[in-house]
Amino acid sequence: MNLSECARGLSSLLYPPSCEVCNRPVEHRQYLCGGCAAEAVHIHAPYCEVCSEPFQGAITGAFACGNCAGRRIHFACAVARYRYAGVVREFIHRFKYQREFHLRHPLAAWAAEALEDARILALPADALAPVPLFRARERQREFNQAAELARLIGKRAGIPVSDCLLRIRNTRSQLTFDRRGRMENLRNAFSMRQNANVRGRHILLVDDVLTTGSTLDECARVLLEGGAASVRAITVARG
Ligand SMILES: [Zn+2]
Ligand SMILES: [Zn+2]
Numbered sequence: 001m002n003l004s005e006c007a008r009g010l011s012s013l014l015y016p017p018s019c020e021v022c023n024r025p026v027e028h029r030q031y032l033c034g035g036c037a038a039e040a041v042h043i044h045a046p047y048c049e050v051c052s053e054p055f056q057g058a059i060t061g062a063f064a065c066g067n068c069a070g071r072r073i074h075f076a077c078a079v080a081r082y083r084y085a086g087v088v089r090e091f092i093h094r095f096k097y098q099r100e101f102h103l104r105h106p107l108a109a110w111a112a113e114a115l116e117d118a119r120i121l122a123l124p125a126d127a128l129a130p131v132p133l134f135r136a137r138e139r140q141r142e143f144n145q146a147a148e149l150a151r152l153i154g155k156r157a158g159i160p161v162s163d164c165l166l167r168i169r170n171t172r173s174q175l176t177f178d179r180r181g182r183m184e185n186l187r188n189a190f191s192m193r194q195n196a197n198v199r200g201r202h203i204l205l206v207d208d209v210l211t212t213g214s215t216l217d218e219c220a221r222v223l224l225e226g227g228a229a230s231v232r233a234i235t236v237a238r239g
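By this note's numbering, the letter at position 125 of the sequence shown is numbered 125, and the numbering carries on one by one without gaps.
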């Protein structure tokens with residue numbers, strides 16, 4: 001338990017719990033009132049089978065978006081139930097950058113909803129593998145958001161967490177590159193941790209946000225090279 005959780009725990013003895021956004025009273029262990037929770041933007045079908053990018057229009061059945069079609073992507077699918085917008089984006093920022101550590105609970109609950117997706121249910125999930133941060137960045141932030149989420153999701157769903165990946169090179173923000181530049185930026189950024197064994201196992205990568213998908217793709221490539229039977233990804237939100 002860290003300070004922000006301690007403070008919340010103590011204040012809940014004195015005051016009833018309140019919504020993290022609008023301060024209306026909420027039930028015990030709730031972080032949002034009904035109105036604010038309803039503001040979280042769901043991803044509805046139709047969307048890309050691979051990267052979950054929603055598609056405006058009438059399409060029935062499976063399809064791949066223009067970004068995924070005809071391209072070798074190493075994860076079978078990346079699943080998120082929410083858009084990276086509104087209250088979801090706000091919570092991710094407050095968790096990552098303002099150290100509101102208690103918000104990992106609602107974030108993990110949102111991410112765990114992806115486990116109900118047919119693409120995730122289609123195969124066993126042998127282990128959750130958080131996308132690693134570079135050591136220096138993890139020290140600076142004091143935690144890896146993906147690892148914290150994976151731990152909570154694993155506990156909820158009874159799936160073991162495997163720290164099988166290492167980030168061996170720091171990388172710049174992916175957003176400044178085009179696709180080729182992103183791949184170049186990520187080359188050799190990840191490796192399997194020594195003694196990690198993913199051979200024949202179905203791995204679920206875990207991260208907070210899917211933006212371009214390049215990071216998850218590179219992690220998936222390394223896991224497949226390490227012998228993983230399949231690699232899929234779940235995130236709290238999709239950009
Ligand atoms: Zn509210
Ligand atoms: Zn796609």
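Even for Gly, the Cβ is constructed at its ideal location relative to N, Cα and C.
Can you check DSSP and say which residues form a bridge with residue i?
i      : result
Ala207 : The identity of residue 207 in the sequence shown is Asp, whereas the question assumes Ala. Bridge partners of Asp207: Thr235.
Ala127 : Ile203
Tyr82  : His42 and Ala237
Tyr97  : According to DSSP, which records beta bridges pairwise, Tyr97 is partnered with nothing at all.
Phe134 : Arg167
Val161 : Leu128
Ser230 : His202
Met192 : Leu165
Please state the DSSP three-state secondary structure of residue i.
i      : result
Pro17  : coil
Val26  : coil
Arg172 : coil
Ser214 : helix
Val198 : coil
Phe177 : coil
Phe244 : Absent from the model: residue 244. The displayed extent of the chain is 1 to 239, so no value can be given.
Quick check on the burial criterion: 16 or more other C-beta atoms within 10 angstroms. Buried or exposed for residue i?
i      : result
Cys77  : buried
Glu238 : Before going further, note that residue 238 is Arg rather than Glu in the sequence given. Buried: at least 16 other Cβ atoms inside 10 Å.
Thr60  : exposed
Val173 : The sequence given here places Ser at residue 173; Val does not occur at that position. So Ser173 ends up on the exposed side.
Ala45  : exposed
Leu175 : exposed
Pro130 : buried
Asn195 : exposed
Lys96  : buried
Asn144 : buried
His42  : exposed
Ile92  : buried
Asp178 : exposed
Pro25  : exposed
Taking 8 Å as the CB-CB cut-off, is residue i touching chain D?
i      : result
His105 : Here chain D cannot be found, since the structure has a single protein chain.
Please list, in chain order, all residues with a C-beta atom less than 6 Å from at least one heavy atom of ligand 1.
-> Cys19, Val21, Cys22, Arg24, Leu32, Cys33, Gly35 and Cys36
In chain order, what are the residues with a CB under 6 Å from some non-hydrogen atom of ligand 2?
-> Cys48, Val50, Cys51, Glu53, Ala64, Cys65, Asn67 and Cys68
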